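For the sequence shown, counting from 1, position 84 maps to 87 in this note's numbering; every step adds exactly one.
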Amino acid sequence: MNNQTVIVTGAASGIGLACTKLLLERGAQVTAFDIQEDKMRSSLPKNNANLMQVSGDVSDADVCQNVVIKTIKKFNKLDALIHWGAAHSSACWDELDADECNNIMKVNVTGTFLIAQAAAKPMVERGKGAIVLCTSTSVLHGVTGGEGQGGPAYVASKGAVIALTRSLARALGPKGVRVNAVSPGITETAMIKDYSERQRNAMKQRFPLGRFAEPNEIAEAGLFLISEKASFMTGETMHVNGGSNFG
Ligand SMILES: NC(=O)c1ccc[n+]([C@@H]2O[C@H](COP(=O)([O-])OP(=O)(O)OC[C@H]3O[C@@H](n4cnc5c(N)ncnc54)[C@H](O)[C@@H]3O)[C@@H](O)[C@H]2O)c1
4 MNNQTVIVTG AASGIGLACT KLLLERGAQV TAFDIQEDKM RSSLPKNNAN LMQVSGDVSD
64 ADVCQNVVIK TIKKFNKLDA LIHWGAAHSS ACWDELDADE CNNIMKVNVT GTFLIAQAAA
124 KPMVERGKGA IVLCTSTSVL HGVTGGEGQG GPAYVASKGA VIALTRSLAR ALGPKGVRVN
184 AVSPGITETA MIKDYSERQR NAMKQRFPLG RFAEPNEIAE AGLFLISEKA SFMTGETMHV
244 NGGSNFG
């Protein structure tokens with residue numbers, strides 16, 4: 004990752020935090036972006052010249068543009084975006100209301116589009132770049148919510164990310180920018196903190212590997228997709244789910 008400049012969203016917690024640390028360890032310059040300013044400051048390494056922290060809401064277009072402008076001002080270029088940041092909703096079909104549904108769509112769909120759009124602009128100018136978005140294995144299962152798992156708003160928003168990945172990949176591929184998605188299975192982060200014990204045990208039985216993912220195991224897929232090793236991949240969804248997708 005030497006000398007790559009990368010914007011990582013969701014950097015205060017879970018997969019985004021793991022991804023930021025891995026990138027720094029491997030010599031990248033990173034703009035860490037998250038809505039949780041204090042958590043980001045307390046979780047990330049201090050006094051690292053290769054790290055800049057920017058806080059804000061990814062569903063705000065001005066904020067997204069500002070993150071990109073600040074990154075280029077500090078590091079002179081933008082090679083990649085890895086967008087992990089997302090909001091979660093466990094409301095079941097008969098509990099979900101329009102406000103909650105709209106908020107999840109705003110952050111997870113509109114926000115994903117806005118940060119990808121902002122990052123793509125300087126990449127298109129340079130004629131190269133890589134964007135990684137984040138969907139979820141819950142799309143394949145059609146999970147229903149309750150007991151901490153994603154409900155219809157969350158699952159629908161993550162389904163939209165797959166479509167967005169393909170649309171952006173087709174639009175940006177001819178301009179030298181690759182766009183892919185990572186689809187994590189259940190991962191030990193704050194996002195699953197409300198899972199009931201019964202739910203955790205039931206879900207683990209679905210995994211041939213018998214456990215949930217650690218954040219680093221998902222972050223590595225993002226690092227691979229922005230690397231030259233993935234130079235012929237675009238519009239793809241990379242599943243990293245311990246085999247929970249079959250059977
Ligand atoms: N943990 C899992 O089991 C799991 C499974 C499948 C997919 N995912 C996906 O992986 C990605 C990372 O999630 P995680 O598990 O690390 O969860 P997490 O809750 O630990 O991290 C999510 C981060 O996104 C940030 N965020 C939320 N809303 C934001 C906004 N409006 N603007 C900017 N930042 C915002 C949060 O502050 C948080 O730091 C998400 O896209 C999630 O949907 C997670």
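Using N, Cα and C, we set each Cβ at its ideal position, and we do this for glycine too. Here the structure is a predicted model, which is why all the values come from computation and not from measurement.
Three-state secondary structure (DSSP) at histidine 86?
strand
Which runs of the alpha helix (DSSP H) at least 4 residues long sit entirely within the segment 105–163? Give them in chain order.
As summarised for the segment 105–163, the continuous alpha helix (DSSP H) elements at least 4 residues long and confined to that stretch are 114–129, 141–144, given in chain order.
Comparing the CB of proline 155 with every heavy atom of ligand 1, is any distance shorter than 6 Å?
Proximity of the beta carbon of proline 155 to ligand 1 is not indicated: no heavy atom of the ligand is located closer than 6 Å.
Of the choices Pro177, Pro211, Phe249, Val185, whose alpha-carbon is the least far from that of cysteine 22?
Val185
Determine the closest residue to glycine 153 out of Ser141, Leu26, Val164, Phe116, with distance taken between C-alpha atoms.
Ser141
Measure the C-alpha to C-alpha separation of glycine 88 and methionine 241 and round it to an integer number of angstroms.
Inter-residue distance for glycine 88 and methionine 241 is about 17 Å (C-alpha atoms, whole angstroms).
Under 6 Å Cβ to Cβ from threonine 168, same chain only, skipping five residues before and after it: list those, please.
Leu136, Val182, Ala184
Taking only the alpha-carbon atoms, compute the straight-line gap between lysine 178 and methionine 126 and give it to the nearest angstrom.
8 Å
Under 6 Å: does the beta carbon of glutamine 208 sit that close to some heavy atom of ligand 1?
no
CB-CB length for threonine 115 against lysine 73, believed under 8 Å:
Not confirmed; about 20 Å, so no contact.
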